[in-house]
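Numbering follows the working numbering, with no gaps: position 137 of the sequence shown is 138.
We put the beta carbon where it would ideally sit given N, CA and C, even for glycine.
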Amino acid sequence: MAGRMVVGSAALAGLVRPASAPDPIGGQRVLPVAPELTGLLPNRGLRRGSTISVAAGQLRHSGATSLALALLAEASRAGSWCAVVGVPTLGAVAAAELGIALDRLALVPHPGPEWATVVATLIDGVDVVVAAVPATVSASVASRLAARARQRGSVLVPYGRWDGADLTLQVTRGVWQGVGVGRGRLRRREVTVAARGRGAATRPREVTIWLPGAGSTRVVPDSTGGTRAASPTGRSGAGRLRAVPPATDAPGPLTLAGSA
2 MAGRMVVGSA ALAGLVRPAS APDPIGGQRV LPVAPELTGL LPNRGLRRGS TISVAAGQLR
62 HSGATSLALA LLAEASRAGS WCAVVGVPTL GAVAAAELGI ALDRLALVPH PGPEWATVVA
122 TLIDGVDVVV AAVPATVSAS VASRLAARAR QRGSVLVPYG RWDGADLTLQ VTRGVWQGVG
182 VGRGRLRRRE VTVAARGRGA ATRPREVTIW LPGAGSTRVV PDSTGGTRAA SPTGRSGAGR
242 LRAVPPATDA PGPLTLAGSA
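Pasting the structure below:
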C-alpha cells in the first residue's frame, strides 16, 4: 500500500490543487462528521472556512490525536479530500481503523521548516487539513492560515496550541478499558470532550464517547440529560466509526514530504 513521495512545496501544490471541487464555496457548506460528534459542533458538521482546533491536553496519549483524526472520517467517505500534516506515527492501517478513506487522504509526516507553507498549500486544494502545530508557530502565522482557510473554503483543524479558533475541542478525561488485573489488551477508550468557541459556538458543549480503540465510537443520552458513551456492543441509534478496508486495487494514502 505504498504511496508516492513528493518533496518540496511546489510539487506539493501541483498535486493538491486538483484534489477538490473547483468551487468549494459554491458546494456543500457543511461537511459531515460521525453522528456522535455532531453535538460538539454548532453546525453539526465541519463548516467550510472555519478553524476547529483540538487542544493537545496536558496528559500524553489523552486521545486528542484520535479525536482530530476522527473528525475526518465521514467527510472523506463522502468524497472530500483530507490531509494530515506532522503526525509521523499515523499509518494507513490506523487511518482505515478510524474510518478515513485512504484513496482521498494525503499524509505529510515530516513537513520540515516549511510547515506553514505546506499547510497553506494544502488549504488551497484539500477540503480538510489536520495539522499538528509546532511550538514555533507565531500568532501572525496562525492568523494568516485561518484567513486562507476562510478564503478557500477549506476546514483547518490545528492540533495543539492555537489561539483565535472558531471552535476549540479538548479531551478533558480519558479512560482505557480492556486491561484486567495485570494483563489484557487495550480495546476501547472512553473520553469526555468539551467544546468552546465564539459566535454560534459560544455555548459550551460536552459529550462522552468511545474513541475507536476497537473500531467503533458511540454516544447516547444518559439518565441526567447529558451524553454518555454506549458500549460498542450495545444497540443504539448512534453512528459508528468503522474500519474501511481499501479495495485490493485501490491506492494507499498519498505520502508527501516537506523540505527538510
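Problem set entry | beta strand (DSSP E) runs wholly inside the region 49-135, at least 3 long, in chain order | 53-55, 83-86, 106-109 and 129-133
For this session: Out of Ala-65, Ala-196, Trp-211 and Leu-212, point me to the one whose CA is closest to Arg-45's CA.
Result: Looking at the Cα atoms, Ala-196 is the closest of the given residues.
Exercise. Given a threshold of 16 other Cβ atoms within 10 Å of its Cβ, counted over all protein chains shown, does Val-220 qualify as buried or as exposed?
Worked result: Residue confidence is low: Val-220 scores 46 on pLDDT, short of 50, so the model does not pin down where it sits. Its coordinate-derived value is still stated next. So Val-220 ends up on the buried side.
Exercise. How far does the beta strand (DSSP E) with Leu-157 in it reach, from first residue to last?
Worked result: 156-160
Exercise. At which residues does the beta strand (DSSP E) containing Arg-206 begin and terminate?
Worked result: 206-212
Exercise. Looking only at C-alpha atoms, which of Glu-115, Gly-126 and Ala-65 sits nearest to Gly-161?
Worked result: Ala-65
Exercise. Could you give the C-beta distance for Val-55 and Leu-170, rounded to a whole number, given that I count them as a contact under 8 Å?
Worked result: 5 Å
Exercise. Looking only at its own chain, which residues have a Cβ that is under 7 Å from the Cβ of Ala-133, when we skip the five neighbours before and after it?
Worked result: Closer than 7 Å at Cβ, skipping near neighbours: Val-86, Gly-87, Val-88, Tyr-160 and Gly-161.
For this session: Can you check DSSP and say which residues form a bridge with Thr-193?
Result: Arg-174 and Thr-209
For this session: Decide if Ser-81 is buried, meaning its Cβ has at least 16 other Cβ atoms within 10 Å, or exposed.
Result: buried
Problem set entry | Backbone secondary structure at Thr-169 - three-state DSSP | strand
Exercise. Roughly how many whole angstroms lie between the Cα atoms of Gln-307 and Gly-50?
Worked result: Nothing can be reported for residue 307: it is not among the residues displayed for the chain, which extend from 2 to 261.
For this session: Could you name the residues that DSSP lists as bridge partners for Gly-198?
Result: Leu-168
Problem set entry | Given 8 Å, three or more beta-carbon pairs between the region 104-114 and the region 141-160 | no
Problem set entry | Length of the line joining the Cα atoms of Ser-232 and Val-192 | Bear in mind that a pLDDT of 39 at Ser-232, under 50, signals an unreliable position, so the model cannot answer this.
For this session: Take the Cβ of Arg-105 as the centre, count every other Cβ of all protein chains shown within 10 Å, and call the residue buried at 16 or more, exposed below.
Result: buried
Problem set entry | Bridge-paired residues (DSSP) for Leu-146 | Beta-bridge pairing links Leu-146 to no other residue.
For this session: With a cut-off of 8 Å on the beta carbons, I'd call Val-142 and Ala-117 a contact; round off their distance for me.
Result: 5 Å
Exercise. With DSSP run on the structure shown, which of helix, strand or coil describes Leu-47?
Worked result: In the structure shown, Leu-47 sits in a strand (DSSP, three-state: E or B).
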